[in-house]
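Taking it in order: structure first as structure tokens, then the write-up.
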Amino acid sequence: MLKSKQASPRSYRIAGPQRRIDERETPHPRVDRGELGEKLRKWRKSRMDVDPFRRVFGGGGNEEDSYNSLYDIYRNLPEGRVNPVKTPVADPERMARNIKEIARFFGADVVGITHLDQAYVYSHRARGNAAAGEKPGDPIDLPHRYAICLGFESDYEKFLTNNSRISDAEYGLGNINSLQPTFLLAAYIREMGYPARTHGYGRFEVNPIPLAVNAGLGELGRHGMLIHEEYGSRLHLSVVTTDLPLAVDKPVDIGVEDVCKYCMKCARTCPSHSIPFGGKEIHNGVERYRINVDTCYKARLGSRGEWGNCVICVSSCCYNKPKAWWHTLAVKAIQWTPIPLRPLLIRPLLVIDDLFWGKRPWKHMKWLDYDNAPRKMVCTIPGCNVKHVNLQHKKLHTA
Amino acid sequence: MTYVITEPCIDVKDTGCIDVCPMDCIHGTDNDRMLYIDPEDCIDCAACVPACPANAIFADSEVPEQWRQYAQINADYFRDKK
């Protein structure tokens with residue numbers, strides 16, 4: 281039997297020197313600059329007028345009233361001063377336990393702590409906090425020692441309606457839900473006399489995924505996202521970086537590394553074929569599965585204004601299940617099985633997963649006036665009579 | 024960049040590509056001898072490539088020399104249709 285806590289993560293490997301990523305190289309700023317095409321830039325800037333949910337949850341457009349978008353308000357909030365009276369910390373382990381309890385009290389579903397690896401701090405900011413005098417392009421200096429990683433669960437059922445206004449609203453709410461607890465936790469630490477900075481929806485100076493993996497919240501999946509043993513990938517992540525002395529957590533082994541080798545469910549169901557079927561690649565000094573972020577983003581143009589966030593890979597992941605004893609048992613069984621023997625367990629579990637949850641997990645739901653029932657496809661090209669089908673009836677990718 | 028359907032599709036028209044294209048940007052009529060990719064809507068995801076049994080689909084930068092003209096043929100197909 282193996283320990284679930286690992287000295288280093290199994291789901292990615294440092295293979296060489298890493299260059300710090302400029303936040304301006306990340307997808308949203310690139311789309312804003314039109315680097316992924318004028319069509320996509322226009323879509324991002326104009327989609328706000330489509331649906332009230334999109335307007336209140338914000339997320340990139342500039343046509344909504346900022347005071348109706350909590351995201352815009354939080355993004356531009358100034359951060360408070362550090363209390364000059366420092367609370368002494370005699371026992372970092374006890375402090376870590378307290379901070380986790382406080383984070384959960386504020387609203388986080390999962391919490392982990394890791395050292396702040398400078399490799400995952402962006403080199404320059406894409407937007408910045410105007411209230412703090414920050415501008416796009418400013419270099420980022422974040423000398424904090426620790427990263428407290430917070431995860432916020434999204435609703436299982438609503439995410440299963442993937443590619444709909446319903447899953448989109450749930451996604452937006454998840455982003456918003458992460459703002460207040462993250463702000464409160466950073467403020468709490470500053471009031472203890474230690475510097476702390478929030479990194480959340482719309483204002484990250486760090487990449488939260490590798491930090492969350494290092495903090496033991498889960499492992500890195502084939503689809504490039506964190507997989508938590510209970511919530512799968514339906515977690516919104518935020519981070520508080522600080523110098524408050526804290527004991528750090530260790531990465532965990534919940535079997536993702538082994539399951540992702542065989543499962544491929546995200547790769548088969550990804551509409552834009554953005555998730556690889558093959559092995560890991562070394563990119564920027566890290567060996568991991570490498571998704572095609574450009575095609576993943578561009579596929580939003582195929583939403584016909586219905587949604588902004590696809591989340592098929594999140595809902596199809598075999599770790600994405602409702603809270604239930606049989607799911608816990610399956611994950612623990614993989615976890616407790618020696619690595620060489622895991623395929624013997626994983627293969628039948630994957631067959632069961634396809635059998636009960638389908639090869640393309642999806643749920644029909646009516647909520648408010650929304651109904652995500654597949655609609656008849658209408659082709660806009662005159663004379664075209666090939667059989668276009670909606671996403672739920674498309675063939676799964678095989679390679 | 025876009026993907027291009029080339030000569031091997033002629034009189035084959037398997038339509039496997041249509042079943043996987045997330046953008047529904049592959050079109051044709053019963054009277055057409057092949058299918059065409061709309062370069063304005065194609066997002067370069069390459070999902071259609073392994074789905075084509077005739078190996079007729081290539082990235083526009085990788086179209087074999089003898090079928091280079093098909094990039095223009097695909098684009099021209101949509102010229103007066105939008």
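As given, the protein sequences belong to chains A and B, one line each in that order. With the numbering used here applied, the first sequence corresponds to residues 281 to 679, in that order. With the numbering used here applied, the second sequence corresponds to residues 24 to 105, in that order. Virtual Cβ for every residue (Gly too), placed ideally from N, Cα, C.
Cβ-Cβ distance between residue i and residue j below 8 Å
i             : j             : result
residue 495/A : residue 529/A : yes
residue 583/A : residue 640/A : no
residue 664/A : residue 39/B  : no
residue 590/A : residue 503/A : no
residue 69/B  : residue 553/A : yes
residue 370/A : residue 394/A : no
residue 337/A : residue 351/A : yes
residue 497/A : residue 611/A : no
residue 431/A : residue 515/A : yes
Nearest-angstrom Cα separation, counted from residue j out to residue i
i             : j             : result
residue 237/A : residue 467/A : Lying outside 281 to 679, the shown extent of chain A, residue 237/A is not represented and no answer is given.
residue 679/A : residue 376/A : 45 Å
residue 506/A : residue 518/A : 12 Å
residue 289/A : residue 470/A : 31 Å
residue 629/A : residue 637/A : 12 Å
residue 487/A : residue 26/B  : 33 Å
residue 670/A : residue 45/B  : 9 Å
residue 605/A : residue 58/B  : 50 Å
residue 632/A : residue 585/A : 35 Å
residue 483/A : residue 315/A : 21 Å
residue 557/A : residue 412/A : 44 Å
residue 402/A : residue 658/A : 44 Å
residue 35/B  : residue 56/B  : 8 Å
residue 313/A : residue 320/A : 10 Å
residue 473/A : residue 396/A : 19 Å
Any non-hydrogen atom of the ligand MN closer than 7 Å to residue i Cβ
i            : result
residue 76/B : The model depicted lacks the ligand MN and carries no ligand whatsoever.
Bridge-paired residues (DSSP) for residue i
i             : result
residue 82/B  : 26/B
residue 480/A : 483/A
residue 427/A : 394/A and 521/A
Residue-chain proximity (residue i, chain A), Cβ-Cβ < 8 Å
i            : result
residue 41/B : yes
residue 57/B : no
residue 53/B : yes
residue 49/B : yes
residue 45/B : yes
residue 25/B : no
residue 38/B : yes
residue 90/B : no
Cβ of residue i within 8 Å of any chain B Cβ
i             : result
residue 641/A : no
residue 578/A : yes
residue 360/A : no
residue 582/A : yes
residue 593/A : no
residue 709/A : The structure shown does not extend to residue 709/A, since chain A spans only 281 to 679, so no value can be given for it.
residue 657/A : yes
Neighbour flag for residue i against chain C, beta carbons, 8 Å
i             : result
residue 679/A : Among the protein chains of the structure shown, namely A and B, there is no chain C.
**Study point:** Near-chain B residues of the stretch 531-553 of chain A - C-beta to any C-beta below 9 Å
**Key:** Under the 9 Å Cβ criterion, the stretch 531-553 of chain A contributes 550, 551, 552 and 553.
Check your understanding: Going along the chain, which residues of the stretch 65-76 of chain B sit with their C-beta nearer than 8 Å to a C-beta in chain A?
Key -> Result list: 66, 67, 68, 69, 70, 73 and 74.
Review point. Any residues in the stretch 662-674 of chain A with a beta carbon nearer than 8 Å to a beta carbon of chain B? Which ones, in chain order?
Key: Listed by position, the residues of the stretch 662-674 of chain A near chain B (Cβ gap below 8 Å) are 662, 663, 664, 665, 666, 667, 668, 669, 671 and 674.
Practice item. Determine which residues of the stretch 559-576 of chain A have a Cβ less than 8 Å from any Cβ of chain B, and write them out in chain order. Key: Taking 8 Å as the Cβ-Cβ cut-off against chain B, the residues of the stretch 559-576 of chain A that qualify are 572, 574 and 575.
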